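Remarks on the structure that follows.
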Amino acid sequence: DVKVTQSSRYLVKRTGEKVFLECVQDMDHENMFWYRQDPGLGLRLIYFSYDVKMKEKGDIPEGYSVSREKKERFSLILESASTNQTSMYLCASTSPGGVREQFFGPGTRLTVL
Amino acid sequence: DQQVKQNSPSLSVQEGRISILNCDYTNSMFDYFLWYKKYPAEGPTFLISISSIKDKNEDGRFTVFLNKSAKHLSLHIVPSQPGDSAVYFCAASYSGAGSYQLTFGKGTKLSVIP
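In order, the protein sequences belong to chains A and B. If you count the first sequence from 1, position 70 lands on 70 in the numbering used here, and the numbers rise without skipping. Just so we're on the same page, the numbering used here is the position in the second sequence counted from 1, plus 1000.
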């Protein structure tokens, strides 16, 4: 079974803080994704990565950056957290070729005060 | 521009009856469609998928129908059970993207009433 883990289930931060969200997958997947989920807006893609040290902007990259130093780990960074970044953050991974299903982690509920 | 639309934010169904969740798409390049189920405070889990070369795919109580000419797909759950109560997301992708990015709809919250 594919396992995608995220470093925290719940996180509370203050405005202006730098926030790191970490995601690890154990299936040697090349592709990894960060989404945020907000009520009524569905899942929106923030960034994704095809390979180590590679990154591509998704639909809403503003205010975020990412890092992928190792194949199994994909980090989302909020450089200076703001209240409008309060959300559920979801990490996913998949492997090119064959099934296109993305496997999701349990999510991190981030609250920025 | 929303490429994948789920026009019903919510749906209530009696236990034992059929649940039908709908999804429309605008991008004719989409050739693979998926449904995900999401409980509160958990990540989405894959439910069922369909390739554009098919018009139906079945897995137990879940059936997905694809109407390419109408750019419409639907998920049927028969019979509905209280444990099916969750948010359901429709997603689409196309092979030309190379990354297998998924474009998600906004979700439909299904409530199955015992």
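All C-beta atoms in this analysis are idealised placements derived from N, C-alpha and C, irrespective of residue type, glycine included. All values derive from a computational prediction rather than experimental measurement.
query: For A/M54 and A/H29, what's the separation of their Cα atoms in angstroms?; result: 14 Å
query: Excluding sequence positions up to five away, which residues of its chain have a Cβ less than 8 Å from the Cβ of A/L45?; result: F33, W34, Y35, G58, D59 and I60
query: Just the C-alpha distance for A/Q199 and B/K1106, rounded to the nearest angstrom, thanks.; result: In this structure chain A extends from 1 to 113, so residue 199 of chain A is not present and cannot be described.
query: On the CB-based measure, 16 or more other CB atoms within 10 Å of its CB, does B/F1104 come out buried or exposed?; result: buried
query: Check whether the Cβ atoms of B/L1110 and B/A1091 lie closer than 9 Å to each other.; result: no
query: Is it right to say A/G107 is buried, meaning 16 or more other beta carbons lie within 10 angstroms of its own, or is it exposed?; result: buried
query: Below 8 Å on the Cβ atoms is my contact criterion, and I expect B/K1037 with B/Y1088 to pass it. Report the Cβ-Cβ distance as a whole number of Å.; result: 6 Å
query: Would you list, in chain order, the members of the region 19–40 of chain A that have their beta-carbon closer than 7 Å to a beta-carbon of chain B?; result: N31 and G40
query: The ligand SAM and A/E101: does the residue's C-beta get closer than 8 Å to at least one heavy atom of that ligand?; result: Among the ligands in the structure shown, none appear at all, so the ligand SAM cannot be discussed.
query: Quick one, which residues of the region 1041–1067 of chain B are near chain A if we go by CB-CB under 8 Å, in chain order?; result: A1041, E1042, G1043, P1044, T1045, F1046 and S1049
query: At the 9 Å Cβ level, is B/K1106 part of the contact set with chain A, yes or no?; result: yes
query: If I follow the unbroken beta strand (DSSP E) through A/L76, where does it start and stop?; result: R73 to L78
query: Does the region 1061–1077 of chain B come within contact of the region 1004–1011 of chain B, defined as at least 3 CB pairs closer than 8 Å?; result: no
query: Does the contact criterion of 3 or more C-beta pairs under 8 Å hold for the region 59–77 of chain A versus the region 10–25 of chain A?; result: yes
query: Given a threshold of 16 other Cβ atoms within 10 Å of its Cβ, counted over all protein chains shown, does A/S82 qualify as buried or as exposed?; result: exposed
query: Is it right to say B/Y1032 is buried, meaning 16 or more other beta carbons lie within 10 angstroms of its own, or is it exposed?; result: buried
query: Give the secondary structure of A/T15 by DSSP, where H, G and I count as helix, E and B as strand, and everything else as coil.; result: coil
query: A/F104 and A/L90 look like a contact to me (Cβ under 8 Å); what is the Cβ gap, rounded to whole Å?; result: 6 Å
query: Please name the residues in the region 84–105 of chain A whose beta-carbon is closer than 7 Å to at least one beta-carbon of chain B, in chain order.; result: L90, T94, P96, R100, E101, Q102, F104 and G105
query: Quick one: Cα of B/S1049 to Cα of B/E1015, how far?; result: 24 Å
query: Quick one: list the residues of chain B neighbouring A/L43, beta-carbon separation under 7 Å, in chain order.; result: F1089 and F1104
query: For A/T86, collect the residues of the same chain with a Cβ closer than 7 Å to its Cβ; drop the 5 residues on either side in sequence, then sort them by chain order.; result: L110, T111 and V112
query: If you run the structure through DSSP and keep just helix, strand and coil, what is B/D1084?; result: helix
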